[in-house]
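Shown next, in structure tokens, is the structure this report addresses.
Laid out in structure tokens, this is it:
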């Protein structure tokens, strides 16, 4: 087994995962932020990604349930509060529904997940399972995609505002608070991983956990690209007839 | 709630799921059995599908663990024996490795799953979770794709033998016993579902479970089609350089 990485080297290896595998590099993401997506494709993205957004407090609750330190739990519970809000209609999930509302998607349909791609559901199920079943260190390391999200959020939000006239700053309200929250959360998670990965094996497992998470975000975009650009989605999935008509007219 | 379906109507509804959603209808499957796949695509199919084959005894063990009747367990345990064999080198999983061996794939690589598509892993994880976490009736109903597999196995095996000179009857030995096993297994599972689905709600849940399973098999082929026909696979997944070269020369 190679020797233990220094804290700086471990951090560099973790950041390198993002540089190579974060979904900012995915063709669908680039298409989305550069105005090349049809309305149907934007709608399919928002509808499918809702399931990811909605699972975040659940995966965080699995992590919280396994933390033995009250201090760690006080830090981690904030993630759940951020996504679920203090009251009905507040928090990150509610803000994502503002996005799908503004796109004209039926809220009950979005929340039910029944028109989402099966691949999206499998990715989300696997992410929740990972955070429940893998060692706590790996579950925490899988959250480190937040190291990479602030810059991506800015590019995506600016691109979507510039290119899609049906998208307003209010539509994208979800993203306003995320960079600050993600910075706070990933500072904690990175320090935790560096402190608790005490063997090279544990360090490598933390790096692999971050790769797993990147593969999950990447695969959700693969499925959108396949179903809504190259081929057809699973027959029971979202197929906006109006959107398809707009696409044909473009 | 609509009224209870008769046994014949429930069976017809279940068979209709196969007619509409079984992966025999998937473009990649049709391509595979009609000789239109490159060697790389056949290799990617076999390498990815290994993970599905390998998970079958695990999902069946989850079902077995939840059966309260010894008579039911005696029936169900045969599935595990069929896939794991009586001795090392026997059983369905070993026969699948004969297929990947004959394609020239490294056995340790196949078994590790490290070159499989993330989408394949997520589908398999979700299938195991389904059989562990959903009501027993639904877990059993999800196995009913075996109602549809015998005819597909025949078409695929004949097509692969006719079109790929590197595929021999020995390569496809896995499929020899499957039609008889699948008939026996699905006879039991169908009778179980018809007997135990005592409300319309339970009948509808059984139908939905079979749709879930079809979506899982379908999505594995979507991922292969996306990664190896339309676009590129996840960068850490199987990319046979030799296969790619053959493909370019075709």
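Protein chains in written order, with the working numbering: chain D, 786 to 1035; chain H, 786 to 1035.
The beta-carbon is built from N, C-alpha and C at its ideal position, and this holds for glycine as well.
Note that the structure is predicted; figures quoted are calculated from it, not measured.
Best match in the options for proximity to residue i [C-alpha to C-alpha]
i: residue 858 (chain D); options: D:1002, D:828, D:961 and D:925; result: D:925
i: residue 928 (chain D); options: D:913, D:938, D:940 and D:941; result: D:913
i: residue 827 (chain D); options: D:915, D:945 and D:973; result: D:945
i: residue 1002 (chain H); options: H:950, H:1020 and H:904; result: H:904
i: residue 934 (chain D); options: D:809, D:796 and D:799; result: D:809
i: residue 869 (chain D); options: D:803, D:844 and D:801; result: D:844
i: residue 931 (chain H); options: H:995, H:948 and H:947; result: H:995
i: residue 922 (chain D); options: D:876, D:847, D:1007 and D:1025; result: D:847
i: residue 950 (chain D); options: D:824, D:791 and D:790; result: D:824
i: residue 964 (chain H); options: H:985, H:1023 and H:939; result: H:939
i: residue 972 (chain H); options: H:992, H:1014 and H:861; result: H:861
i: residue 878 (chain D); options: D:1011, D:866 and D:1023; result: D:866
i: residue 997 (chain D); options: D:790, D:801, D:806 and D:1018; result: D:806
i: residue 788 (chain H); options: H:832, H:1007 and H:987; result: H:987
i: residue 1018 (chain D); options: H:1019, H:1017 and H:1008; result: H:1008
i: residue 880 (chain D); options: D:831, D:852 and D:1006; result: D:831
i: residue 852 (chain H); options: H:874, H:801, H:974 and H:872; result: H:974
i: residue 829 (chain D); options: D:818, D:888, D:842 and D:874; result: D:888
Per-residue DSSP class, three states only, for residue i
i: residue 840 (chain D); result: helix
i: residue 964 (chain D); result: helix
i: residue 821 (chain H); result: coil
i: residue 1034 (chain D); result: Note that residue 1034 (chain D) has pLDDT 42, beneath the 50 cutoff, so the model's placement of it is unreliable and the number below is only indicative. Reduced to three states, the DSSP call for residue 1034 (chain D) is helix.
i: residue 802 (chain H); result: helix
i: residue 1018 (chain D); result: coil
i: residue 814 (chain H); result: helix
i: residue 988 (chain H); result: helix
i: residue 1028 (chain D); result: Confidence in residue 1028 (chain D) is poor, its pLDDT being 48 and thus under 50, which makes the residue's placement too unreliable to answer from.
i: residue 952 (chain D); result: coil
i: residue 973 (chain H); result: helix
i: residue 873 (chain D); result: coil
i: residue 907 (chain D); result: helix
i: residue 901 (chain H); result: coil
i: residue 793 (chain H); result: helix
i: residue 912 (chain D); result: helix
i: residue 889 (chain D); result: coil
i: residue 788 (chain H); result: coil
i: residue 917 (chain D); result: helix
i: residue 927 (chain D); result: helix
i: residue 1023 (chain D); result: coil
i: residue 1013 (chain H); result: helix
i: residue 851 (chain D); result: coil
Cβ of residue i within 8 Å of any chain H Cβ
i: residue 787 (chain D); result: no
i: residue 1004 (chain D); result: yes
i: residue 903 (chain D); result: yes
i: residue 790 (chain D); result: no
i: residue 852 (chain D); result: no
i: residue 908 (chain D); result: yes
i: residue 990 (chain D); result: no
i: residue 934 (chain D); result: no
i: residue 1016 (chain D); result: yes
i: residue 869 (chain D); result: no
i: residue 1032 (chain D); result: Bear in mind that a pLDDT of 42 at residue 1032 (chain D), under 50, signals an unreliable position, so the number given afterwards is only what the model happens to contain. Output row for residue 1032 (chain D): interface = no.
i: residue 1000 (chain D); result: yes
i: residue 1106 (chain D); result: Nothing about residue 1106 (chain D) can be reported from this structure: the residues present for chain D run from 786 to 1035 only.
i: residue 857 (chain D); result: no
i: residue 950 (chain D); result: no
i: residue 845 (chain D); result: no
i: residue 1028 (chain D); result: Only weak support exists for where residue 1028 (chain D) lies, its pLDDT of 48 falling under 50; the value from the coordinates is given anyway. No, no contact with chain H.
Chain D contact for residue i (CB, 8 Å cutoff)
i: residue 1011 (chain H); result: yes
i: residue 928 (chain H); result: no
i: residue 897 (chain H); result: no
i: residue 819 (chain H); result: no
i: residue 972 (chain H); result: no
i: residue 1020 (chain H); result: yes
i: residue 956 (chain H); result: no
i: residue 994 (chain H); result: no
i: residue 1025 (chain H); result: no
i: residue 794 (chain H); result: no
i: residue 891 (chain H); result: no
i: residue 886 (chain H); result: no
Count the C-beta pairs between the segment 882-900 of chain D and the segment 947-961 of chain D that are closer than 8 Å, then say yes if the count reaches three, no if not. yes
With 8 Å as the limit, tell me which residues of the segment 797-812 of chain D have their beta carbon closer than that to any beta carbon of chain C; keep them in chain order. Note that chain C does not occur in the displayed structure, where the protein chains are D and H.
Does the count of Cβ pairs from the segment 888-901 of chain D and the segment 823-843 of chain D closer than 8 Å reach three? yes
Using a Cβ distance threshold of 8 Å, determine whether the segment 788-804 of chain D contacts the segment 978-996 of chain D, with at least three qualifying pairs required. yes
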